[in-house]
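Asker:
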Amino acid sequence: LLSEMNLQKGLDLKQFQLFYQPQVCCKTGEIEGFEALIRWQHPERGLIPPINFINLAESTGLIKLIGEWVIQEAIAQLKKWHAEGKEHLSLSINLSPVHFLSANLPAYLLQCTQSAGIAPQSLILEITENVAIEDRDAARNRMAELRAMGFPISIDDFGTGYSSFAYLQNLPVQQIKIDRQFIRHISKNENSAAIVQTIVQLGKTLNLQTVAEGVETKKEWDLLKQFGCDSIQGFYFSKPLPVNEIDQLLQNAG
Ligand code: G
Ligand code: G
Ligand code: NA
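Structure below.
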């Protein structure tokens, strides 16, 4: 079993790696950014997916160190892409609730983006709906603080939690990511299609960017375009890939 000691060692030995999954603009069909997804390249166990260690990282407090590594790595990569003339690319990172609410996160983010010369607007912070359930006031203050600095905030897995609408009513959010569980049935189930259409409509009314997650087929992509969804992410376009393969993809895209 994985332990705290293993995890710390993984950090020390730099065994973590970011994979990147493209996000594609529905209007132009072009890549507009990526979501960074962490992997653990373990010498004996191979590539370990985040579901197998994020909970442990959260319960041991190591999630802050891991999250700071993700921030550093993501910004360094973004800086490379921007230096190659791809200034339009954005990068989304996942932040755990504990890290999101931790005291020095805003200062850390600002320091990292400033020293890299990266505009905060191009680093999108993804948080899940649970963040506000646990500590509503702290979450609201934190979002406002990060917004004031220029970091866009995205609600991940939108529609699956209890507080979806509370978020949109009160909190400074710029993007919602429509959960895969709705997307994967839109071409077969009228209820799923209606829910997604309604979320997209809501996004338009509230001036929020809508991103559909887990898009796997041409049929789903066509429907989402028809609904007016802003962006898609999913296996239909590309699975999450290591950076060398992403660079190839960007090159082929011209
Ligand atoms: O890439 P994959 O589908 O295995 O990711 C599963 C989940 O792990 C994602 O939904 C995401 O919420 C979480 N995850 C991936 N990368 C990170 C990360 O860098 N930090 C945190 N906190 N969670 C991540
Ligand atoms: O919750 P979050 O959005 O961070 O989850 C991203 C995870 O979803 C990644 O681990 C990624 O591997 C997975 N994923 C991305 N695209 C697809 C897809 O089209 N289909 C399925 N089944 N999983 C996907
Ligand atoms: Na995410």
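In UniProt numbering, the protein residues as written are 366 to 619. Note that beta-carbon positions come from the ideal geometry of N, C-alpha and C, so glycine has one too.
1) What first and last residue would you give for the beta strand (DSSP E) that runs through Gln386?
2) Which whole-angstrom value is the C-beta distance of Asn417 and Leu383, which I expect to be below 8 Å?
3) What whole-angstrom Cβ distance do Ile548 and Glu585 have, given they're in contact under 8 Å?
4) Would you say the beta carbon of Asn459 is closer than 8 Å to some non-hydrogen atom of ligand 3?
5) List the whole-angstrom C-beta distance separating Leu402 from Pro605, where the pair is believed to meet the contact cut-off of C-beta under 8 Å.
6) Indicate whether Phe523 and Ile543 have their beta-carbon atoms separated by less than 9 Å.
7) Mapping DSSP to helix, strand and coil, what is His464?
8) Please determine, among His464, Val561 and Asn469, the residue with the shortest C-alpha to C-alpha distance to Glu491.
9) Please report the residue range of the beta strand (DSSP E) in which Ser519 lies.
10) Taking Cβ to Cβ, would you say Ala618 is nearer than 9 Å to Leu588?
11) My understanding is that Leu430 touches Glu369, with C-beta atoms under 8 Å, so please give their C-beta distance in whole angstroms.
12) Secondary structure at Ala401, three-state DSSP: helix, strand or coil?
13) Hey, out of Gly394, Lys392, Lys445 and Glu409, whose CA is closest to Asn609's CA?
14) In terms of residue numbering, what span does the alpha helix (DSSP H) encompassing Leu421 cover?
15) List the whole-angstrom C-beta distance separating His534 from Pro517, where the pair is believed to meet the contact cut-off of C-beta under 8 Å.
16) Per DSSP, which one or two residues make a beta bridge with Glu491?
17) Pro485 and Met508 - do their beta-carbons sit closer together than 9 Å?
18) Can you tell me whether DSSP reads Thr478 as helix, strand or coil?
19) Report whether the distance from the Cβ of Val561 to the nearest heavy atom of ligand 2 is below 8 Å.
20) Specify the secondary structure class of Ile580 as computed by DSSP and reduced to three states.
21) If you draw a straight line from the alpha carbon of Leu475 to that of Met514, how long is it in whole angstroms?
22) Run through the DSSP bridge pairs and tell me what Ile543 is partnered with.
23) Alpha carbon to alpha carbon, what distance is there between Ile458 and Leu488?
24) Report yes if the CB atom of Gln546 is closer than 9 Å to the CB atom of Gly579, and no otherwise.
Answerer: According to the data block:
1) Annotation for Gln386: the continuous beta strand (DSSP E) segment containing it runs Phe381 to Cys390.
2) Between Asn417 and Leu383 a beta carbon distance of about 16 Å is seen, past the 8 Å cut, so the two are scored as non-contacting.
3) About 6 Å; that satisfies the 8 Å criterion.
4) True, at least one ligand heavy atom lies under 8 Å from that Cβ.
5) That belief holds up - the Cβ atoms of Leu402 and Pro605 are roughly 5 Å apart, short of 8 Å.
6) Taking C-beta atoms as the reference points, Phe523 and Ile543 count as a pair closer than 9 Å.
7) Look at His464 here: in three-state DSSP terms it is helix.
8) Considering only alpha carbons, the answer is His464.
9) Boundaries of the beta strand (DSSP E) around Ser519: Ile518 to Phe523.
10) Contact flag unset, no.
11) Taking 8 Å as the upper bound for CB-CB distance, Leu430 and Glu369 are not in contact here, some 11 Å apart.
12) Collapsing the DSSP output to three states places Ala401 in a strand.
13) With distances taken between Cα atoms, Asn609 lies closest to Lys445.
14) Taken as a continuous stretch (DSSP letters only), the alpha helix (DSSP H) holding Leu421 covers Ile419 to Thr425.
15) At residue 534 the sequence reads Gln, which differs from the His that was named. That belief does not hold up - the Cβ atoms of Gln534 and Pro517 are roughly 19 Å apart, past 8 Å.
16) Under DSSP, Glu491 takes part in a beta bridge, and its partners are Asn459 and Ser519.
17) At the C-beta level, Met508 and Pro485 stay beyond 9 Å of one another.
18) In the structure shown, Thr478 sits in a helix (DSSP, three-state: H, G or I).
19) No, since every heavy atom of ligand 2 falls outside the 8 Å radius drawn around the Cβ of Val561.
20) As written in the sequence, residue 580 is Val, which differs from the Ile given in the question. Coil.
21) Whole-angstrom Cα-Cα distance: 8 Å.
22) Residue pairing by DSSP places Ile543 opposite Phe523 and Ala577 in a beta bridge.
23) Those two C-alpha atoms are separated by around 7 Å.
24) By the CB criterion at 9 Å, Gln546 and Gly579 fall inside the cutoff.
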